[in-house]
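Novice:
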Amino acid sequence: AVSIDDLPKTLLDAVVAVEDRRFYRHTGIDPRALLRALLANVKSGEVVQGGSTITQQLAKNLYPNAGQRTVARKIWEALAALSLEALHGKDEILERYLNQIYLAQRGPTSIIGAGAAARHYFGKDVRYLDLPESALLAGLIQSPGHYHPYRHPREARDRRNLVLRLMTEEGFITREQSAEALEAPLRLRPEPPPDARQAPYFIDYVALLLQEQGLRDPASRLGIRVFTTLDPLLESRAEKALEDGLGQYEKNYKHLRPLPGGELEGAFVALRPSDGSILAMVGGRSYARTQFNRIAQAHRQPGSAFKPFVYLAGFQKSQEEHGPLFTAATVLDDSPLVMEVSGQSWAPQNFDQEYRGPVSARKALALSLNVPTIRAAEAIGLKDVVRAARRCGIESPLEPVPSIALGTFEVVPLELAAAYTTFPNLGTRVWPRAIVAVVDDRGKVSEISPRPPREASTPQSAYLALDLMRDVVRYGTGAGISAFGVEGDFAGKTGTTDDGRDAWFVGFNPDFLGLSWVGFDNNRPLRLGGSTLALPIWAQIARQAGLDGDRRWEPPPGIVEAEVDTTTGQLATGHCPETITEIFIDGTQPPECESHHGGFDSWVTRLVNWFRRD
759 AVSIDDLPKT
769 LLDAVVAVED
779 RRFYRHTGID
789 PRALLRALLA
799 NVKSGEVVQG
809 GSTITQQLAK
819 NLYPNAGQRT
829 VARKIWEALA
839 ALSLEALHGK
849 DEILERYLNQ
859 IYLAQRGPTS
869 IIGAGAAARH
879 YFGKDVRYLD
889 LPESALLAGL
899 IQSPGHYHPY
909 RHPREARDRR
919 NLVLRLMTEE
929 GFITREQSAE
939 ALEAPLRLRP
949 EPPPDARQAP
959 YFIDYVALLL
969 QEQGLRDPAS
979 RLGIRVFTTL
989 DPLLESRAEK
999 ALEDGLGQYE
1009 KNYKHLRPLP
1019 GGELEGAFVA
1029 LRPSDGSILA
1039 MVGGRSYART
1049 QFNRIAQAHR
1059 QPGSAFKPFV
1069 YLAGFQKSQE
1079 EHGPLFTAAT
1089 VLDDSPLVME
1099 VSGQSWAPQN
1109 FDQEYRGPVS
1119 ARKALALSLN
1129 VPTIRAAEAI
1139 GLKDVVRAAR
1149 RCGIESPLEP
1159 VPSIALGTFE
1169 VVPLELAAAY
1179 TTFPNLGTRV
1189 WPRAIVAVVD
1199 DRGKVSEISP
1209 RPPREASTPQ
1219 SAYLALDLMR
1229 DVVRYGTGAG
1239 ISAFGVEGDF
1249 AGKTGTTDDG
1259 RDAWFVGFNP
1269 DFLGLSWVGF
1279 DNNRPLRLGG
1289 STLALPIWAQ
1299 IARQAGLDGD
1309 RRWEPPPGIV
1319 EAEVDTTTGQ
1329 LATGHCPETI
1339 TEIFIDGTQP
1349 PECESHHGGF
1359 DSWVTRLVNW
1369 FRRD
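Per the working numbering, the very first residue in the sequence shown carries number 759; after that it's consecutive.
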C-alpha cells in the first residue's frame, strides 16, 4: 500500500475534483452531489460525474458481498459511509480508497491501486506523477475499460482534460497550469504484454461468474480466495497440445498458414461428466494476442457434432411410442436428395460426395453421413429433434428445418460440451461447474454447490446413442484415437460444417469429456474435417489425462440384443443370408424379416458367409 504522504497532491486533488468535490466538507454522504451529478450528466449527454461519495465507494469496495445493486444496497452503503467517516479521518479514507480502486487489466491480472497503475501506465513511482498523469489516472476510476489509454487514447485524453477543467473550477490548479496540461500528449510507456499466468481464459471465466452470481463486485478485487475445479496439470498439457497441434497443421497444410486477418485458431475444454466440473479450458491459441474465449464466448456451427441429438430424438420417440419407429438397425437411404426449403431447391451431399445406398442408422452416424441423417430427422420429426437438443441443454436458437440435422445453427462450445454430458451420464444432463468455494476478505466461506442435474432422456435412449458413438471411434470418422494411444471404452463424434469452416471432436468415457475445436475467427475455410484437425488435439490431451482404461458403461435395464437382417434391418429368420447382432430398447424391436424365404440361393449365400467368418 502507498502511504498518503507518498501520493502526490496533484493526484489527490484530481481524484477529489472528479469523484467527490465536497469530500472534505461532507460526513460520508452528499445529497447535493447527487443532484449536481444528475444535472451535469443530463447537460453533457453522458456520465461525467458520479453521485456516490469517495467514502461510499470505499464502503462498496471493502464489503463487496453486501448485496446486489438495489435500493437496499445503496442505503447500506450510505450507512457504512457514515460509519467509516465516524471512525476514520479524511486522509485515511482517501489513502485506503486510492490503494483499492481498480484501474487496469493486464491479461488475467487486475491492476489495483494508484501505485500499481502508475507503474503500469507510466513506468514510474506514483510519487513522481506530474499533473497530466495524475489527471489521467483520476479520470480512469469511473471506467478503466472505456477510457483505456492504450485502446481508446482519444477518449482517455478527453476524460483527462475534463478532470483538468474540474480541478481548475475547484481552485486546485491555475488556468495557466490547466492550459499547459491540456496541451500535453498522453505520455505512456509501451503497453506491457498480458500476464503469462496459467489458465488465463479460465481465470477470466471465473471472474465473470463471480460477478454474475453476486459473489464479487467487479470494482473490488482484493481479499478474496476462490477454489475452482481446474486440474492444473491437465490444463498445462491442453495448452501445449493445442499450440503444438495448430503449429503442425500450419507446417503440413499451406492453406492454413497465417494470412492478413487472422491465423489458425483452436480451443479445448474438458469436463467431468458426473458433475460438470471444468478440468481444463483453453479459449484460444494465445491469450497475449487475444483474450476472446472461444470456449465460452464464440458462436460456431457444430456441424456433424450435432447429429447425435438427431439419433437420440429418434430413440427417445420410439421408446415413448413403444414401437420400432427408429432403431440402430433402421435402414436409411443414402442416395442423392433434393428438397424444397423455403421455396428454394436444396441438394445436400455427404462430406466425401459419395453415396452408399441403404445403410443402417448405426453406420450412418459412424461414417457421419449427411443425407441419411437428414432423412432420419425428417422421419423422426424436426420438432422432436429440437426438443431433444433443448432437453440436453442447447439454449442457442434452433429451428425445426431440415438443415438442423447438419448442425447449421450456431452454439457456444461450452454449451455443446455440457449437452454431450447426457450421453456418458446415460440420460442425465449436468451444467458446467468452475467454482467450488469462495472465501471473502472476512474469512467467510461460501461453498458453491453444483446445479441439480436434469433428466434429458431415458437411460436406454442415451445408451443407444452412446453405443452408436462407440462405433464412431472404432471404425468411423473418429477411429484415429487408437493411433494416438487412447485406450478404453470411449465414444465420440467428429464435427465438420457443411461449408468447411469449423472442425470439431467431442470424445468421452465415463470419467472424462473433452471438446476440441479448430477454425478461423474470420470464418476462412479449412477444407479439412474434424477427424483431421480437431481429433488429434483431443487425443493428445486425452492420452495424457491419466484416465482409467478399465472403466466401462454397462447397459441399463431394458436394453436387449437381437439378430437382425443387414439388408432390411428387421429381425432375422433362419432364411436371412447375412445377419448381425444389434441392441434395442425392449419394446422397439422391428418385426420379423419377410424378404427372405429360403431357397437354393439363400442357402448358398449363407454357406459362403459362414466360411468367410474364419
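Don't be surprised by glycine CBs; every beta carbon is placed ideally from N, CA and C.
Inspect the CB distances between the segment 878-897 and the segment 917-935 and report whether three or more fall short of 8 Å.
Specialist: Yes: the two stretches touch, three or more of their Cβ pairs being nearer than 8 Å.
Novice: On the DSSP bridge assignment, give the partners of D1116 in chain order.
Specialist: On the sequence shown, residue 1116 is found 358 positions in, with the first residue counted as 1. First, the residue type needs correcting, since residue 1116 is Pro and not Asp in the sequence shown. D1091, per the DSSP bridge assignment.
Novice: Taking DSSP's pairing of strands, which residues face E1319 in a bridge?
Specialist: Taking the sequence shown and counting its residues from 1, one reaches residue 1319 at position 561. E1319 pairs with I1341.
Novice: Between the Cα of M1097 and the Cα atoms of E1136, P1116, H784, Y1069, which residue gives the shortest distance?
Specialist: Indexing the sequence shown from 1 puts residue 1097 at position 339. The option with the nearest alpha carbon to M1097 is E1136.
Novice: Check the DSSP bridge columns for M719 and list the partner residues they point to.
Specialist: Examination of residue 719 is not possible in this model, given that the chain is present from 759 through 1372 alone.
Novice: With C-beta atoms as the reference, is T1216 less than 9 Å away from G1258?
Specialist: Position 458 of the sequence shown, counting from 1, holds the residue named residue 1216. Position 500 of the sequence shown, counting from 1, holds the residue named residue 1258. Not a contact, by the Cβ cut-off of 9 Å.
Novice: Pick out the complete alpha helix (DSSP H) segments inside the segment 1154-1224, 4 residues or longer, and give them in chain order.
Specialist: As far as the segment 1154-1224 is concerned, its whole alpha helix (DSSP H) runs of at least 4 residues are 1171-1178.
Novice: Grab me the residues of V774's own chain with a C-beta within less than 7 Å of its C-beta, minus the 5 sequence neighbours each way, in chain order.
Specialist: Position 16 of the sequence shown, counting from 1, holds the residue named residue 774. Around V774: F781.
Novice: How many Å lie between I787 and D849 at the Cα?
Specialist: As a first step, residue 787 is located in the sequence shown; it is residue number 29 there, counting from the start. As a first step, residue 849 is located in the sequence shown; it is residue number 91 there, counting from the start. One C-alpha to the other measures close to 16 Å.
Novice: Are L898 and Y908 touching if we call contact CB-CB under 9 Å?
Specialist: Residue 898 sits at position 140 when you count from the first residue of the sequence shown. Residue 908 sits at position 150 when you count from the first residue of the sequence shown. No, they are not a contact pair.
Novice: Would you check if the distance between the CB atom of W1296 and the CB atom of G1243 is smaller than 9 Å?
Specialist: Position 538 of the sequence shown holds residue 1296. Position 485 of the sequence shown holds residue 1243. Their beta carbons are not under 9 Å apart, which means W1296 does not touch G1243 by this criterion.
Novice: Identify the continuous alpha helix (DSSP H) that holds I1036 and give its terminal residues.
Specialist: In the sequence shown, residue 1036 corresponds to position 278, counting from 1. It is not in any alpha helix (DSSP H) - I1036 instead sits in the beta strand (DSSP E) that spans 1035-1040.
Novice: Which word fits F960, buried or exposed, when buried means at least 16 other C-beta atoms lie within 10 angstroms of its C-beta?
Specialist: Mapped onto the sequence shown, residue 960 falls at position 202. It counts as buried.
Novice: The alpha helix (DSSP H) that contains V964, what's its start and end?
Specialist: The residue you call residue 964 lines up with position 206 of the sequence shown. Residues 958-970.
Novice: Report all residues from its chain with a CB closer than 7 Å to the CB of D771; omit the five preceding and five following residues, and keep chain order.
Specialist: In the sequence shown, the residue the question calls residue 771 occupies position 13. Cβ neighbours of D771 beyond the five flanking positions: M925, F930.
Novice: Straight-line CA distance for F1369 to D1269?
Specialist: Counting from one through the sequence shown, the residue named residue 1369 turns up at place 611. Counting from one through the sequence shown, the residue named residue 1269 turns up at place 511. Note that F1369 has pLDDT 45, beneath the 50 cutoff, so the model's placement of it is unreliable and no number is given.
Novice: Where does S1118 land, buried or exposed, given buried means 16+ other C-beta within 10 angstroms?
Specialist: Residue 1118 sits at position 360 when you count from the first residue of the sequence shown. With 16 or more Cβ atoms within 10 Å of its Cβ, S1118 is classed as buried.
Novice: From N823 to Y1011, what does the alpha carbon distance come to, in whole angstroms?
Specialist: In the sequence shown, counting from the first residue as 1, residue 823 sits at position 65. In the sequence shown, counting from the first residue as 1, residue 1011 sits at position 253. Any answer about N823 is weak, because its pLDDT of 46 lies below 50 and its placement is not dependable; what the coordinates show is given next. Going by the C-alpha atoms only, they are around 52 Å apart.
Novice: Which of the three DSSP states, helix, strand or coil, is assigned to A926?
Specialist: For the purposes of this step, residue 926 is identified with residue 168 of the sequence shown, where counting begins at 1. According to the sequence provided, residue 926 is Thr. The question's Ala does not apply to it. Looking at T926 - three-state DSSP - the assignment turns out to be helix.
Novice: Put T1252 into one of helix, strand or coil per three-state DSSP.
Specialist: On the sequence shown, position 494 is the one that residue 1252 refers to. Three-state result, T1252: strand.
Novice: Given G1151, which residues of its chain have a CB within under 6 Å of its CB, disregarding the five upstream and five downstream residues?
Specialist: Taking the sequence shown and counting its residues from 1, the one referred to as residue 1151 is at position 393. Once the five neighbours on either side are set aside, the close Cβ partners of G1151 are A1176, A1177, R1187.
Novice: In three-state DSSP terms, what is N857?
Specialist: One-based indexing of the sequence shown puts residue 857 at position 99. It is helical.
Novice: Closer than 6 Å by C-beta to G1041: which residues in its own chain qualify, once you throw out the five before and the five after it? Chain order, please.
Specialist: Taking the first residue of the sequence shown as 1, we reach residue 1041 at position 283. Excluding positions up to five away in sequence, the list reads Y959, A1025, N1051, R1052, I1053.
Novice: I'd like the span of the alpha helix (DSSP H) that includes A942, first residue to last.
Specialist: Against the sequence shown, residue 942 aligns to sequence position 184. Per DSSP, A942 belongs to no alpha helix (DSSP H) and is neither H nor E.
Novice: With H, G and I counted as helix, E and B as strand and the rest as coil, what does DSSP make of Q863?
Specialist: By one-based count along the sequence shown, residue 863 stands at place 105. Q863: strand per DSSP, three-state reduction.
Novice: Using the DSSP secondary-structure output, state which residues sit across from T986 in a beta bridge.
Specialist: Along the sequence shown, read from residue 1 onward, the residue named residue 986 stands at position 228. Answer by DSSP bridge pairing, in chain order: I1193.
Novice: Cα-Cα, which of Q1107, V1143, G1139 is closest to L1127?
Specialist: Counting from one through the sequence shown, the residue named residue 1127 turns up at place 369. Measuring from the Cα of L1127, the nearest candidate turns out to be Q1107.
Novice: Under three-state DSSP, which class holds L1017?
Specialist: For the purposes of this step, residue 1017 is taken as the residue at position 259 of the sequence shown. Strand, per DSSP.
Novice: Does the Cβ of R783 have 16 or more other Cβ atoms within 10 Å, making it buried, or fewer, making it exposed?
Specialist: Here residue 783 refers to the residue found at position 25 of the sequence shown. Classification of R783: exposed, given that the 10 Å Cβ count is below 16.
Novice: How should D763 be labelled, buried or exposed, when 16 other C-beta atoms within 10 angstroms of its C-beta is the threshold for buried?
Specialist: Residue mapping note: residue 763 aligns to position 5 of the sequence shown, counting from 1. Under this definition D763 is an exposed residue.
Novice: Start and end of the alpha helix (DSSP H) containing G873?
Specialist: For the purposes of this step, residue 873 is identified with residue 115 of the sequence shown, where counting begins at 1. Counting along the chain, the alpha helix (DSSP H) containing G873 begins and ends at 872-880.
Novice: Using the rule of at least 16 other Cβ atoms within 10 Å of the residue's Cβ for burial, across every protein chain shown, is N1267 buried or exposed?
Specialist: Within the sequence shown, numbered from 1, the residue matching residue 1267 stands at position 509. So N1267 ends up on the buried side.
Novice: Can at least three beta-carbon pairs, one atom from the segment 994-1013 and one from the segment 961-971, be found at a separation below 8 Å?
Specialist: Not touching, per the Cβ criterion.
Novice: Mark F985 as exposed unless 16 or more other C-beta atoms lie within 10 angstroms of its C-beta, in which case mark it buried.
Specialist: Working through the sequence shown from its first residue, we reach residue 985 at position 227. Classification for F985: exposed.
Novice: Identify, in the order they occur along the chain, each residue of the same chain with its Cβ nearer than 6 Å to the Cβ of M1039, setting aside the five sequence neighbours on each side.
Specialist: By one-based count along the sequence shown, residue 1039 stands at place 281. Cβ neighbours of M1039 beyond the five flanking positions: Y959, F960, V1027, I1053.
Novice: What residue range is occupied by the uninterrupted beta strand (DSSP E) comprising D1260?
Specialist: As a working mapping, residue 1260 is identified with position 502 in the sequence shown. Unbroken beta strand (DSSP E) run through D1260: 1260-1267.
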